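Line by line, the protein sequences give chains X and G.
Under the numbering used here, the first residue of the first sequence carries the number 284, and numbering increases by one thereafter.
Under the numbering used here, the first residue of the second sequence carries the number 28, and numbering increases by one thereafter.
For reference, the structure discussed in these notes is given below.
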Amino acid sequence: MLKIEALDAYYGEAQALYAASLHIDEGEVVSVLGANGAGKTTLINALSGTIDRVGTVSFDGQRVDRLPPHVIAARGLVQVPEGRRLFNFMSVRENLELGAYSPHARAHVADNIDKVFSLMPRLAERSGQMAGSLSGGEQQMCAIGRAMMAMPKMIMFDEPTLGLAPIMVDMVFKLLNDIKASGLTILLVEQNVKHALAVSDRAYVIENGRVVLGGDAAELIHDPQLKVAYLGG
Amino acid sequence: MTAIYIQLVVSGLLLGGIYALVSVGLTMIFGVSRIKNFAHGDLVMVGMYLTYALTTWTQLDPYLLVPVVTVALFGFGLLLSFALIRRIQGAPQVAQIFATVGLGLVLQNAALMIFGADFRTTNSEIAGNVLRFWGISLPLSLFIAFVVSMAVIACLTVFLRTSMVGKAMRAIAQDRRAASLMSIDVKFIDMLTFGLGTACAGLAGALLVPLYPVYPTIGANLVLISFVVVILGGLGSIEGALIGGLAIGLIETLSGFFIGSEMRQMAYFLVFIAVLLFRPAGLFGQRGSETLGS
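See below:
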């Protein structure tokens with residue numbers, strides 16, 4: 284589904300990702316782990332095309348590393364950004380509609396809103412409310428629903444539980460499991476390593492902008508190096 | 028005696044309607060693209076001269092040419108956006124100010140070269156009529172300008188609320204990067220917005236031709252007024268531009284009568300300063316909304 288070879292990414296002059304190579308197969312859930320500032324968000328933004336990058340990224344059999352963000356999203360590689368980045372002064376429904384902006388998704392707005400509402404009934408109750416007035420957990424639901432409205436082939440989640448109450452963290456991981464069960468391919472960046480590995484098939488570890496480790500989630504959870512670094516020994 | 032007051036209030040509001048139309052274009056461009064277009068008044072001037080030239084050439088009534096001028100200025104806006112404005116999107120403020128002020132100077136001097144510095148007026152059969160009611164009299168041209176302005180602002184509001192392109196514009200205004208992740212082509216929408224904003228300026232220009240003489244630097248007055256209107260109403264807010272425009276028109280007319288016409292600008296700048304002291308985001312501005320898109 285997604286194949287990345289020797290991908291460098293930059294914030295202006297500063298390089299933040301060095302020769303990253305990894306792949307994600309169709310239907311897989313893959314986590315990217317690492318400390319704050321290691322380059323996880325950089326990787327997602329480089330894939331979405333919102334920052335400068337050099338390297339080879341093929342998605343669904345086609346090169347996407349030189350396309351602008353709106354084309355990449357329309358091809359079905361969609362991200363749920365860190366901090367949710369909803370359109371705060373627009374209603375929940377309008378946020379969902381904007382998720383389906385691309386022509387092929389726009390044709391199915393009504394069906395997909397129903398699907399999102401049945402997956403997250405709380406959003407249906409809040410559909411007329413301004414997105415900025417929702418609670419943190421509801422905002423995350425709205426951001427996930429907005430991404431699903433695009434009818435993606437693959438979703439990249441950037442820190443979906445950041446700043447959420449524990450009960451909402453469980454809710455988000457339940458949602459991730461539901462989305463996984465529907466067969467969508469998922470790239471997950473998450474601070475909560477135990478939770479992330481539990482939902483993932485495989486994982487990569489990024490340190491200082493470099494991919495240093497990769498393997499099956501079930502094995503990585505016992506990896507001594509990872510244990511020391513992220514699981515508190 | 029009351030007739031005078033009614034006359035003042037009504038003509039102030041009608042004048043304010045045109046200010047609102049000019050300002051709506053400016054506020055849309057700022058809201059969506061974060062471009063402070065100091066050439067906006069000069070684009071009104073271009074609309075006025077184009078109407079003047081077409082009227083002189085075709086001998087048609089200027090009102091018949093309003094749609095032509097509006098569409099032409101929409102095209103001109105797209106061209107400017109492609110050639111200049113897209114290059115200063117996201118650039119430092121100083122670069123934006125220099126580029127748009129420079130554009131204004133180019134337009135002013137082009138007008139000076141083509142039409143000279145003389146005041147130019149056109150005759151309109153329709154505009155010559157005077158409306159009389161409630162003991163007051165108003166030029167029909169002012170009334171037409173007001174009605175058309177309000178209708179266009181209403182259409183724009185509906186467009187922004189209900190159409191997908193309108194929603195995309197609002198989305199970009201709130202979070203440009205998130206909008207691009209929604210597969211919105213933000214650069215294309217930037218261009219479209221600049222085209223629409225310029226069309227508003229051109230339309231206002233066409234409506235002003237039967238009311239005021241046109242000369243190359245008329246834009247300087249208009250751009251000052253519309254920046255006051257836009258900041259008063261709240262940057263990026265259509266409702267704000269509408270209320271702000273009406274308020275400035277009213278203040279200008281009333282203070283011109285009661286205090287003296289040389290004090291008109293001082294009066295609305297005093298109100299402007301007072302509003303900014305108590306509501307820095309403007310009457311309808313959302314606090315912080317002008318920085319959300321960075």
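Glycine included, every Cβ here is placed at the ideal spot set by N, Cα and C.
For clarity, every value in this text was computed on a predicted model and none was experimentally measured.
Exercise. Give the residues from the segment 281-293 of chain G that approach chain X closer than 8 Å (Cβ to any Cβ), ordered along the chain.
Key: none
Note down, in chain order, all residues in the segment 284-304 of chain X with a beta-carbon under 9 Å from any beta-carbon belonging to chain G.
none
Item to check | Among G:Phe-215, G:Tyr-32, G:Thr-54, G:Ala-30, nearest to Cys-227 of chain G - alpha-carbon criterion | outcome: G:Thr-54
CB contact below 7 Å: Ala-501 of chain X versus chain G
Chain G places no beta carbon closer than 7 Å to that of Ala-501 of chain X, leaving this residue out of the contacts.
So which of X:Tyr-293, X:Gly-322, X:Met-373 has the shortest CA-CA distance to Leu-187 of chain G? When C-alpha distances from Leu-187 of chain G are compared across X:Tyr-293, X:Gly-322, X:Met-373, the shortest belongs to X:Met-373.
Original post:
Comparing alpha-carbon positions, which option in G:Ile-45, G:Leu-92, G:Leu-100, G:Met-72 lies nearest Ala-138 of chain G?
Top reply: G:Met-72
*asked:* Would you call the segment 425-441 of chain X in contact with the segment 377-387 of chain X, where contact means no fewer than 3 C-beta pairs closer than 8 Å?
replied: yes
In angstroms with no decimal places, state the Cα-to-Cα distance between Ile-62 of chain G and Arg-203 of chain G.
-> Taking the straight line joining both Cα atoms gives about 13 Å.
Asp-499 of chain X (DSSP reduced to helix, strand or coil)
The answer is strand: DSSP assigns Asp-499 of chain X an E or B state.
Practice item. Step through the CB atoms of chain G and report whether any lies within less than 7 Å of the CB of His-353 of chain X. Key: yes
Review point. Whose CA, out of X:Gly-332, X:Leu-350, X:Leu-445, lies closest to the CA of Asn-319 of chain X?
Key: X:Leu-445
Among G:Ser-164, G:Thr-184, G:Ala-268, which one has its Cα closest to the Cα of Tyr-32 of chain G?
For the residues G:Ser-164, G:Thr-184, G:Ala-268, the minimum Cα distance to Tyr-32 of chain G belongs to G:Ser-164.
Query - 7 Å Cβ shell around Gln-34 of chain G - same chain, five flanking residues per side excluded - result: Ile-163
Can you pull the chain X residues whose beta carbon is under 7 Å from the beta carbon of Asp-217 of chain G, in chain order? Those do not exist, as Asp-217 of chain G stays about 12 Å from chain X at its closest Cβ, beyond 7 Å.
When you compare the CB of Leu-470 of chain X with every CB in chain G, is at least one pair closer than 7 Å?
no
- In chain G, what lies closer than 8 Å to Glu-365 of chain X by C-beta? The contacting residues do not exist; Glu-365 of chain X stays about 11 Å from chain G at best.
Review point. Who are the Cβ neighbours of Gly-359 of chain X in its own chain at under 8 Å, not counting the five residues just before and after it?
Key: Phe-342, Asp-343, Ala-433, Met-434, Pro-435, Lys-436, Met-437
Proximity winner among X:Ala-299, X:Met-284, X:Thr-339, relative to Leu-290 of chain X (alpha-carbon distances): It is X:Thr-339 whose Cα lies nearest to the Cα of Leu-290 of chain X.
* Could you give the residue range of the beta strand (DSSP E) that holds Ser-341 of chain X? -> 335-342
- Message: Do Leu-92 of chain G and Asp-78 of chain G count as a contact pair if the criterion is CB distance below 7 Å?
- Response: The residue asked about is misnamed: residue 78 of chain G is Thr in this sequence, not Asp. Yes. Within cutoff.
Notebook entry, point to check: Below 7 Å between beta carbons: does that hold for Arg-376 of chain X and Gln-423 of chain X?
Noted result: Against a cut-off of 7 Å, the Cβ pair of Gln-423 of chain X and Arg-376 of chain X comes out as no contact.
*asked:* What are the residues in the segment 170-192 of chain G lying within 8 Å of chain X by C-beta distance?
replied: Met-191
Residues of the segment 207-240 of chain G with a CB closer than 9 Å to any CB of chain X: list them in chain order, please. Ser-207, Leu-208, Met-209, Ser-210, Ile-211, Asp-212, Val-213, Lys-214, Phe-215
Q) If you run the structure through DSSP and keep just helix, strand and coil, what is Lys-510 of chain X? A) helix
- prompt: Where does Met-373 of chain X fall in DSSP's three states?
  reply: coil
TODO: Per DSSP, which residues does Thr-468 of chain X bridge with? Please list them.
DONE: X:Met-437
Which chain G residues are close to Thr-333 of chain X, counting only those with a beta carbon under 8 Å from its beta carbon?
The answer, in chain order, is Arg-204, Ser-207, Leu-208.
Original post:
DSSP three-state call for Arg-159 of chain G: helix, strand or coil?
Top reply: strand
Inset, instruction - Tell me, please, whether the CB atom of Gln-474 of chain X is closer than 7 Å to any CB atom in chain G? - result: no
Margin query: Please confirm whether Lys-194 of chain G has its beta-carbon closer than 7 Å to some beta-carbon of chain X.
Written below: yes
Per-residue burial, Gly-276 of chain G [other beta carbons within 10 Å of its own, 16 or more giving buried] | So Gly-276 of chain G ends up on the buried side.
query: For Tyr-245 of chain X, which residues in chain G fall below 7 Å Cβ to Cβ?
result: Outside the shown range of chain X, which is 284 to 516, sits residue 245 of chain X, and nothing can be said about it.
task: Determine the closest residue to Pro-364 of chain X out of X:Arg-429, X:Glu-408, X:Ile-504, with distance taken between C-alpha atoms.
output: X:Arg-429
TODO: Decide yes or no for the touch test of the segment 101-113 of chain G against the segment 242-254 of chain G: beta carbon pairs closer than 8 Å, at least 3 of them.
DONE: no
message: Does any residue of chain C have a CB that is nearer than 7 Å to the CB of Gly-104 of chain G?
response: Of the chains in the structure shown, none is chain C; the protein chains are X and G.
Residues in the same chain with beta-carbon distance under 6 Å from Gly-283 of chain G, minus the five sequence neighbours each way, listed in chain order, please. Correct list, in chain order: Arg-291.
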